[in-house]
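Numbering (this note's numbering), first residue to last: 16 to 302.
Glycine included, C-beta positions come from ideal geometry on N, C-alpha and C.
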Ligand SMILES: Nc1nc2c(ncn2[C@@H]2O[C@H](COP(=O)(O)OP(=O)(O)O)[C@@H](O)[C@H]2O)c(=O)[nH]1
Ligand SMILES: [Mg+2]
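Next up, the structure:
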């Protein structure tokens, strides 16, 4: 593995640690350089007061030209939005329910040219974000999805969830032959401009958006431009609202409905004009 001149190497993927070279002035200069891109990290939140702070703190800073960190909050009734404001990150309030809905809004309002998604529950490894963005740029990719199943840490997935994930991923592979290991992963790294093509815009407002975006990426962008990498996955902080059987069934139904063109869009792409946003100072917590 070589260190490139134009882009810093954070050496976190594949255990490539570069600490041993720290005294080399050339490497020091490269480390000081920032990736020449603007990036938005989107975290969908619904009552994540316990995990949001540590999730935000775990995101590396000062490694790209501009870094926007934002939550798209689904009307949390706990301190989620207050914590986000205390942390100095952007808050966009999307009152319409659903994980997929939050992303279909967040993708529209994100300011960065590159978008990264993660749950706000401390499960995904934020420390690999700079490396993933670097990989996206270096290898001229459009979309990276992060597989959790290969490197899942002890206690991160119950036996039932592990089986459910495997079963859904198996069905998605059967239906689409797209070769993705983890159809339910919620960590993706991609160029915002992929949505300029309306065919690339996911339609589902619930959990199935996660598998839908991968199906679309492989179909619309192609296998060479849309790849999967394995990352660690950690135990959740705070309670999940996921309804194991209900969500599992919805995901399964979605895969086959999508396969036969039977799924329907319930709402438009993008934010509502009157959604409160901390950038406009019109959140309830800012009044
Ligand atoms: N805005 C918004 N976020 C949601 C909603 N439902 C779940 N989330 C968030 O989406 C992420 C994924 O949900 P999670 O409960 O971790 O599901 P799991 O990872 O599939 O078990 C978390 O950060 C949740 O807080 C919703 O209706 N609206
Ligand atoms: Mg989660």
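>> Classify residue 107: buried if its beta carbon has 16 or more other beta carbons within 10 angstroms, exposed otherwise.
In response: buried
> Alpha carbon to alpha carbon, what distance is there between residue 149 and residue 18?
Replying inline: Residue placement at residue 18 is flagged as unreliable, the pLDDT there being 38, under the threshold of 50; the coordinate-derived value follows with that caveat. The alpha-carbon atoms of residue 18 and residue 149 are separated by roughly 12 Å.
> Using the beta-carbon count (16 or more within 10 Å), is residue 273 buried or exposed?
Replying inline: buried
> Which runs of the alpha helix (DSSP H) fall wholly inside the stretch 146 to 208 and span at least 4 residues, in chain order?
Replying inline: 174 to 191
> For residue 130, which residues does DSSP report across the bridge?
Replying inline: 55, 205
> Terminal residues of the continuous beta strand (DSSP E) containing residue 228?
Replying inline: Taken as a continuous stretch (DSSP letters only), residue 228 belongs to no beta strand (DSSP E), being part of the alpha helix (DSSP H) at 224 to 231.
>> Does the contact criterion of 3 or more C-beta pairs under 8 Å hold for the stretch 57 to 74 versus the stretch 160 to 177?
In response: no
>> What ranges does the beta strand (DSSP E) occupy inside the stretch 237 to 302, keeping only unbroken runs of at least 3 residues that lie completely in it?
In response: 241 to 248
> Does DSSP put residue 109 in a helix, a strand or coil?
Replying inline: coil
> How big is the Cα-Cα spacing for residue 73 and residue 268?
Replying inline: Our two residues, residue 73 and residue 268, have alpha carbons roughly 35 Å apart in a direct line.
> Would you say residue 255 touches ligand 2, meaning its beta carbon is less than 7 Å from a heavy atom?
Replying inline: For ligand 2, at least one heavy atom lies less than 7 Å from the Cβ of residue 255.
>> Let me confirm a value: residue 275 is counted as buried when at least 16 other C-beta atoms fall within 10 Å, else exposed. Which label applies?
In response: exposed
> To the nearest angstrom, how far is it from the Cα of residue 294 to the Cα of residue 85?
Replying inline: Distance between residue 294 and residue 85, taken at the CA atoms: about 11 Å.
>> Quick check on this structure: which residue in 209, 133, 61, 88 has the alpha carbon closest to the alpha carbon of residue 120?
In response: 88
> What's the C-alpha gap between residue 270 and residue 223?
Replying inline: 8 Å
> Is there contact between the stretch 209 to 227 and the stretch 258 to 266, where contact requires at least three CB pairs shorter than 8 Å?
Replying inline: yes
>> For a test of your reading of the model: does the CB of residue 87 fall under 7 Å from any non-hydrogen atom of ligand 1? Yes or no.
In response: yes
>> Does the structure place the stretch 126 to 142 close enough to the stretch 183 to 199 that three or more beta carbon pairs sit under 8 Å?
In response: no
>> By DSSP's criteria, residue 82 is part of a beta bridge. Which residues make up the other side?
In response: Bridge partners of residue 82: 54.
> Do residue 110 and residue 91 have their CB atoms nearer than 8 Å?
Replying inline: no
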